[in-house]
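This report concerns only the one structure given below.
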Amino acid sequence: MRTIVCFLLGVLFFSCNTGKENTPEISLENKEFAGLLFQPRPAEETNLHFTNTVVETDSENYQSYFFIYNGSGVAVGDINNDGLADIYFAGNSADDKLFLNKGSLKFEDISVSSGIDAFKGWSTGVSMVDVNADGWLDIYVCRAGPSQDIALRTNRLYINNQNGTFSEKAKEFGLQSTAYSAQIAFFDYDLDGDLDAYLLNHPPKLIVSSLQEHIKNVRSGKSTTDVFYENVDGVFIDKSKESNLQNFGYRHGIAIGDINKDGYPDLYISSDSDDPDYLCINQGNKTFRNEIDSAFRHTSFNSMGNEMIDINNDDLLDIFVLDMAPSDHFRSKAYMQSMNVVRYNNLVKFGFHHQYMFNSLQLNNGNNTFSELGQFAGVAKTDWSWAPLFFDMDHDGYKDLFVTNGIKENFLYRDINVDARSKYGKGFSMDLKQLLEIVPSDISENVFYKNKDGVSFENKSGKWSSPSLHNSNGVATADFDNDGDLDFVINNMESSAVLYESLAVNEGVGNSIKIKLEGKSPNTQAIGAKIKLITKKQTQSHELYTTRGYLSSVDTPVVFGIGNEEKATIEVTWPDGKKSILNEIPANKEYILNYESGITANQTKNEAPPLTSRSKDNFGLTFVHREDSFDDYYEQILLPHSQSNIGPTISKGDVNGDGLEDIFIGGAAGQEAAMYLQNRDGNFIYKKGDWILHKEGEDTGSIFFDYDGDEDLDLYVVSGGAHLKEGHENYQDCLYQNDGKGNFKKMQDVLPDFRISGQSVAATDIDNDGDIDLFVGGRLIPNGYPKAPKSYLLINENSKFKLKELQVNSMVAAALFSDYDSDGDQDLIMVGEWSRIEIFNNNNGDFSRAEIPNLAATRGLWFGLAENDIDNDGDSDYFVGNLGLNAKFKADQSHEFHIYGNDFDENGTYDIVLSSNYHGKLVPSRGRECSSQQMPFIKDKFTDYKSFANASLEDIYGEKLLQGLHYQADMLSSVFLLNDGKGNFTISELPWQAQLSPIQDFAFLDINGDGKDEIISVGNLYNVEVETQRYDASEGAIFSFENGALVNLNAMDTGFYTTGDARKVIILESKGKKLLIVANNNGALDIFEVAKKKPTALSSL
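Sequential numbering from 1 applies to the sequence shown in our numbering.
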């Protein structure tokens, strides 16, 4: 028993102090508990005798009711106000059960005596909430199921009679429904003091109309599922249409919270199958607007349960959504459906978003957008998952994650027909029993994840609790034994429900504070209140909503872990905006706060304006990059990402000698490039030029330089892309001569004839003859990925260029000349896909590959490269952009990432195979279906999915693997090379904010006025194959170099948020201001004005 402190009407009531003494100190940063954190308590100990079941019949089964194996939820709360959390289990074929907590983790079944047993039905979701505002918890049960008996799928509202019994009054309160309900959530949407409700429903059967017709019906309101109810004088009235909440979907989860911090609760609704999720933002006028398209760049496809919670302690609500993605190679290849490319593209075309079969962890950027970083966090694949719950299991101050898994019968198993033919013969008609003998159960372990730092998680399954295999669905948390840590209870299918006792307090893993709120009637539970806990080391926040996870509701008391901190300050913002503050309260106690006590005046926080701001004026820079329509995957189906979306390029220089910076922006294939000349007003005037002659080519790189020695800037433009055959004339680069006034003429006989698809160009006087020479890097061979094209030095001889091949053997994405070893000449540094960070030493104009030991193991998928003397020691340091760590591909001590190239099926096309390691062997990253589309022999060699899933790469491709091209990635993280001035480097990973997408470019500028350059990075890569999530999480980042390390600056302080598929960033001077110009692929420019600042201390993340 812990100390309980009550704050009621200004009077303090203290119980006898029986709290913990001599709590061991636990470091938030360094110490980790190594023992069991949870002990499963069997029904024989707890008396929780409940097993959810699903009984299939010839008329009631998966084929007649698609949702038959979706399971049920569990609700917890104190129904008799004795201070102990009680439990309600929802059942499908099994009857619901209500258990009273008798203390010491012992429960009494009161299902019959309470009156709930009289109402049979197929129960799904369940919630405990005080519906009638009498201070006693009521119970709402959702019903659905395969039965045609409407009584069995009528939702029930059990009103608490305050004597251990309940009366069913759903109709009386306006909440009776037969609409195949999944879950209900209660919240005060209009802040009028009472609780309104959103009811999740699903259609009784899968929609079989055409996609276009279905979308039309949804948007017109003809097809709807859900119902929104406004509480009007204690009765719930359907206000779905008036509130703009006429929604449709195959519902699994709803989460509630104030996403945009305007005081009003918003909704996240997850939906299975094609239909997209919804992010319904409360407009504060009794209406909502679905903003998922603008807020999210992609979502999960088969969205299951969800959570809306502050994961990284930045006081912003993040969103986590589960899918059905197996983490195991065999299961992913034998069980999961492939993404249908045509259907995926049609869903995007018709506005159903970019959906992928992975869990999604959406991190709130604080500007009404989110970055999805499930792969980076390590939680993208958790198997066939249902419920996520975040709570601090080890009391270190970060919310950990628990996920339930399993499906009774996995009808997605790819070899059902193959196995049926094998067992019963071709054409045999199976009955239900025979079919279920073929279909496998898919039961995998529930997953515990430790939140390490707010953005990365470590799997602790089998470590924090003993391994167990259940088909688990709903889960809910409560401090069932009132010892100060959160236990949880799981509703399992076909096995007994299990209560997991937390041992966190028993083992002394960290201090904690427990908070219980008593709200103002009629919202007696203070639903919607915001609790903030502040210690010396961190700030945590929590919004109080009980409907969480999947089909379940949690208890209202909140437990914060605080590690070795002994005191904390609590700030409570009540639903009406008023506040209560408890300063420096001791740890390891329970505090009960009543609304009427301790109300303080609202405090206004003065926030400094950001250091950059998105310009409201485009300054005349109206260019919009329009990518041509080209299918990179037509010949190379297994290509990991597009090779034709490289541009736009952007370069700056004073082209007309007026002392003002002008810019050139390259066009996509079929699009004219653009030149903009700056005038004295700081605006830019569009100027035509001979680049229109190269409109059908694609401009992928550019540079201003004086090739002819006439003291003006000429323009070199690299041609690239993958839309043309190798050697096509439109791959010839272009040189435009400047007449000194900004008029450019395309030169015909100055460049040699070389037709490679390139991207990078760098300029210097290679041979010290007084003129400027060039390096042009070959980027790709069309339909030949990942073979390396040729790269060249262009030696300037009397204003004509002579071609000299440089043996690079790399798909060069970026290159620059730099004196890395301080020997007085310009060496050549370059990076590319599947290349190392390469340096070529300049030996009197001849270049040879430098052998630098700590660059030997740097093979990656590099995109960006830049130099800056960031430590001000007189030499150049380097910033290098890689694929990043937010990808399904991994390259580290535990994971390998390989690529093989060859014409494996000898049909004249160049095939590629991506591979990773699994149980000591290399296996294909892609599945049997798409692999056989590229190489049809695979379907003949492996006649079912199981055999392909069991096969190694060698089993599939044999000796041709050894005969083809092969690369293995050493690293995928973007890095910083700190130069010691002698050509030796210390390699460090960039901060995690620069690992969320491929980094394409860097720029350097003193943003905060401290006299030192900050580092600006931009990136993303949208066009990827459909079984790989788009790399779209980056909104740019700004870092400072402090005490020898890079520190990310909080984007809410810098104001720097890019909006698209960024490729380049430059800094322009414009009428005394500095502008950050970000060029986006297939989009408009992002333009930021840099504020004039005095030295400012910025917060970091």
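Don't be surprised by glycine CBs; every beta carbon is placed ideally from N, CA and C.
Item to check | Option nearest residue 300 by Cα separation, candidates 104, 1069 and 1029 | outcome: The option with the nearest alpha carbon to residue 300 is 1029.
Checklist entry - For the candidate residues 876, 844, 361 and 1092, whose alpha-carbon lies nearest to that of residue 1071? => result When 876, 844, 361 and 1092 are compared, the shortest CA-CA separation from residue 1071 is found for 1092.
Item to check | Neighbourhood of residue 207 by C-beta distance below 6 angstroms, restricted to the same chain and skipping five residues each side | outcome: For residue 207, where only same-chain residues beyond five positions count, the Cβ hits under 6 angstroms are 214.
Checklist entry - Hey, out of 231, 548, 609 and 531, whose CA is closest to residue 593's CA? => result Ranking 231, 548, 609 and 531 by CA distance to the CA of residue 593 puts 531 first.
Next on the checklist: Please classify residue 430 as buried or exposed, where buried requires at least 16 other C-beta atoms within 10 Å of its C-beta.
Outcome noted: By the Cβ neighbour-count rule, residue 430 is exposed, with fewer than 16 other Cβ atoms within 10 Å of its own.
Checklist entry - Based on the DSSP secondary-structure assignment, which residues constitute the bridge partners of residue 773? => result Answer is 764.
Checklist entry - The alpha helix (DSSP H) with residue 293 in it runs from where to where? => result Run containing residue 293: 292 to 295, per the alpha helix (DSSP H) assignment.
Next on the checklist: Rounding to the nearest angstrom, what Cα-Cα distance links residue 120 and residue 177 in this structure?
Outcome noted: Residue 120 and residue 177 have their C-alpha atoms roughly 15 angstroms apart.
Checklist entry - Does the pairing of the segment 580 to 593 with the segment 193 to 201 give three or more beta-carbon distances under 8 angstroms? => result Contact between the segment 580 to 593 and the segment 193 to 201 is absent, because fewer than three Cβ pairs lie under 8 angstroms.
Next on the checklist: Please tell me whether residue 379 and residue 361 are closer than 8 angstroms, where the distance is taken between their beta carbons.
Outcome noted: Taking 8 angstroms as the Cβ cut-off, residue 379 and residue 361 qualify as a contacting pair.
Item to check | residue 729, DSSP secondary structure in three states | outcome: The three-state reading of DSSP puts residue 729 in helix, counting H, G and I together.
Checklist entry - So residue 591 packs on residue 574, CB below 8 angstroms; how close in whole Å? => result Incorrect: roughly 15 angstroms between the Cβ atoms, too far for contact.
Item to check | Where the alpha helix (DSSP H) containing residue 332 begins and where it ends | outcome: Here the alpha helix (DSSP H) through residue 332 covers 329 to 335.
Next on the checklist: Extract the residue ranges of the beta strand (DSSP E) inside the segment 89 to 113, only unbroken runs of 3 or more that lie entirely within it.
Outcome noted: Those beta strand (DSSP E) runs which fall completely within the segment 89 to 113 and span 3+ residues are 97 to 103 and 106 to 109.
Item to check | Between the CA atoms of residue 73 and residue 437 - distance to the nearest angstrom | outcome: About 27 angstroms.
Item to check | Beta-ladder partner(s) of residue 77, from DSSP | outcome: For residue 77, which the question treats as bridged, DSSP gives the partners 86.
Next on the checklist: Nearest by alpha-carbon distance to residue 945: which of 248, 144, 333 and 44 is it?
Outcome noted: The residue with the shortest Cα to Cα distance from residue 945 is 333.
Checklist entry - Skipping 5 residues on each side, what residues in its chain have a beta carbon closer than 8 angstroms to that of residue 980? => result Excluding residues within five positions, the ones whose Cβ falls inside 8 angstroms are 875 and 986.
Checklist entry - Can you name the start and end residues of the beta strand (DSSP E) that residue 562 belongs to? => result Unbroken beta strand (DSSP E) run through residue 562: 558 to 563.
Checklist entry - Excluding sequence positions up to five away, which residues of its chain have a Cβ less than 8 angstroms from the Cβ of residue 1082? => result Counting only Cβ-Cβ distances below 8 angstroms, and skipping sequence neighbours, we find 625, 626, 627, 645, 668, 1022, 1060 and 1061.
Checklist entry - Counting along the chain, where does the beta strand (DSSP E) carrying residue 968 start and finish? => result Here the beta strand (DSSP E) through residue 968 covers 965 to 968.
Next on the checklist: Please classify residue 737 as buried or exposed, where buried requires at least 16 neighbouring CB atoms within 10 angstroms.
Outcome noted: The residue is buried, with at least 16 neighbouring Cβ atoms inside 10 Å.
Checklist entry - Taking the alpha helix (DSSP H) that residue 756 falls in, what are its first and last residues? => result Bounds of any alpha helix (DSSP H) do not take in residue 756, whose DSSP letter is neither H nor E.
Checklist entry - Apart from the five residues just before and just after residue 956, which ones in its own chain have a Cβ nearer than 6 angstroms to its Cβ? => result The same chain holds no residue with a CB closer than 6 angstroms to that of residue 956 once the five nearest residues on each side in sequence are set aside.
Checklist entry - To which residues of the same chain is residue 1102 closer than 8 angstroms at the C-beta, ignoring the five residues directly before and after it? => result Nothing in the structure corresponds to residue 1102, since the chain is present only between 1 and 1101.
Checklist entry - Is the segment 632 to 640 touching the segment 649 to 666, taking contact as three or more C-beta pairs under 8 angstroms? => result Here the segment 632 to 640 does not lie against the segment 649 to 666, with fewer than 3 beta-carbon pairs under 8 angstroms apart.
Checklist entry - Which runs of the beta strand (DSSP E), 3 residues or longer, sit entirely within the segment 1010 to 1057? => result Runs of the beta strand (DSSP E) inside the segment 1010 to 1057: 1014 to 1019, 1037 to 1042 and 1045 to 1048.
Next on the checklist: Quick check on DSSP: helix, strand or coil for residue 22?
Outcome noted: Confidence is the limiting factor: at residue 22 the pLDDT is only 32, short of 50, which leaves the residue's position unreliable, though a coordinate-based value still follows. Coil at residue 22, not helix or strand.
Checklist entry - What separation, rounded to the nearest whole angstrom, lies between the Cα atoms of residue 743 and residue 859? => result Each residue's CA atom was taken as its position, placing residue 743 and residue 859 some 43 angstroms apart.
Checklist entry - How should residue 25 be labelled, buried or exposed, when 16 other C-beta atoms within 10 angstroms of its C-beta is the threshold for buried? => result Confidence at residue 25 is low in this model, with a pLDDT of 34, below 50, so its placement is unreliable and no value can be given for it.
Checklist entry - Straight-line CA distance for residue 533 to residue 397? => result Taking the CA atoms as reference points, residue 533 sits about 10 angstroms from residue 397.
Item to check | residue 997 burial status per 10 Å Cβ neighbour count (16 or more: buried) | outcome: Residue 997 is buried by the Cβ-count criterion.
Next on the checklist: Ignoring anything shorter than 3 residues, give me the beta strand (DSSP E) runs that lie fully in the segment 135 to 211, in order along the chain.
Outcome noted: The qualifying runs are 138 to 144, 156 to 160, 166 to 168, 181 to 187 and 196 to 201.
Checklist entry - So residue 792 and residue 803 are in contact, right, with Cβ under 8 angstroms, and what is the actual spacing, rounded? => result Contact between residue 792 and residue 803 holds, with the beta-carbon distance rounding to 5 angstroms and staying under 8 angstroms.
Checklist entry - Beta-carbon separation of residue 504 and residue 324 under 8 angstroms? => result Not closer than 8 angstroms, so no.
Next on the checklist: I need the straight-line Cα distance from residue 21 to residue 86, nearest angstrom please.
Outcome noted: Its pLDDT being 30, under 50, residue 21 is placed unreliably in this model, and the value from its coordinates should be taken loosely. Looking at the two C-alpha atoms, the distance is approximately 29 angstroms.
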